[in-house]
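Here the protein sequences line up with chains A and B, keeping their order.
The opening position of the first sequence corresponds to residue 994 in the numbering used here, with each subsequent residue numbered one higher.
The opening position of the second sequence corresponds to residue 5 in the numbering used here, with each subsequent residue numbered one higher.
All C-beta atoms in this analysis are idealised placements derived from N, C-alpha and C, irrespective of residue type, glycine included.
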Amino acid sequence: KNQVEQSPQSLIILEGKNCTLQCNYTVSPFSNLRWYKQDTGRGPVSLTIMTFSENTKSNGRYTATLDADTKQSSLHITASQLSDSASYICVVRHYGGSQGNLIFGKGTKLSVKP
Amino acid sequence: EAGVTQFPSHSVIEKGQTVTLRCDPISGHDNLYWYRRVMGKEIKFLLHFVKESKQDESGMPNNRFLAERTGGTYSTLKVQPAELEDSGVYFCASSQDPFGEQFFGPGTRLTVL
């Protein structure tokens, strides 16, 4: 069964600190993996996309990693800001099949406190 | 450029009533998707339009849900009659090609009492 599991479910950190969010998936065949940021009351917005051959990709203070062998990904946020408070969703795309092509995780709710 | 818009932002209805959600995709995007997030669960796929045609509707939960995209522009999702378990946030997304990035709307929060 195609699944995406994220941890932790929620996280509270102080402004300026770093954090790492985890994503494990059992999606096959794998196409790519995206991390989305979803602010309260808004739709998800893509932060990074990783394909099978990519190990690390950065977007400003966000750095995503992918280990295709272990089917794990992480999103590292450096020097957190209050505006980083949001849900972060790991989404894996698979080739073909029914039920659409995107498999979503439940997300990690990050709260950055001053 | 305007993003994906959805209307209404919130809807509260009673069980047995009908509700119609609307999605306006990014102009020029042929691909339009509907998703739903039930409380405590992950976002799940409902269906995919390519222009006015339903490409994949395998995620539609039952025949109480009807999606249309007449003319290949905006889309509507009708729930009739609504049940308690239909409560959740309904997201619409659009993309230029079916394998490209999907851009999401803000969602419609549906509450069925």
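C-alpha of His-1069 (chain A) to C-alpha of Tyr-39 (chain B): approximately 27 Å in a straight line. In the three-state scheme derived from DSSP, where H, G and I count as helix and E and B as strand, Gly-63 (chain B) is classed as coil. Contact between Gln-996 (chain A) and Thr-1101 (chain A) does not hold, since their C-beta atoms are separated by about 16 Å, which reaches or exceeds 8 Å.
Judged by beta-carbon spacing, Cys-1016 (chain A) lies within the 8 Å limit of Gln-1065 (chain A), meaning their Cβ atoms are closer than that value.
Neighbours of Pro-110 (chain B) across chain A, judged by C-beta separation under 8 Å: Gly-1034, Arg-1035 and Gly-1036.
Interface with chain B (8 Å Cβ-Cβ cutoff): Ser-1039 (chain A) is included. Between the C-alpha atoms of Leu-1026 (chain A) and Thr-22 (chain B) there is a straight-line separation of about 37 Å. When the beta-carbon positions are compared, Thr-9 (chain B) and Gly-109 (chain B) come within less than 8 Å of each other.
For Ala-1079 (chain A), the uninterrupted beta strand (DSSP E) run begins and ends at 1079 to 1087, by DSSP. Each residue's CA atom was taken as its position, placing Cys-1083 (chain A) and Lys-1099 (chain A) some 8 Å apart. Put simply, the backbone Cα of His-52 (chain B) is about 12 Å away from that of Asp-101 (chain B). Thr-1056 (chain A) and Arg-26 (chain B) have their alpha carbons spaced roughly 35 Å apart.
With respect to the C-alpha of His-33 (chain B), the residue from B:Arg-73, B:Gly-111, B:Lys-48 and B:Phe-49 having the closest C-alpha is B:Arg-73. Only residues of its own chain outside the window of five on either side were considered, and among them Lys-82 have a CB closer than 6 Å to the CB of Leu-70 (chain B), listed in chain order. At a cut-off of 8 Å between C-beta atoms, Glu-105 (chain B) counts as an interface residue with respect to chain A. Under the 10 Å beta carbon count, Leu-50 (chain B) is surrounded by 16 or more other beta carbons and is classified as buried.
Neighbours of Ile-30 (chain B) in chain A, taken as residues whose beta carbon is under 7 Å from its own, are absent, since the nearest beta carbon is some 12 Å off. When DSSP reads this structure, Ile-1005 (chain A) sits in a beta bridge with A:Ser-1104.
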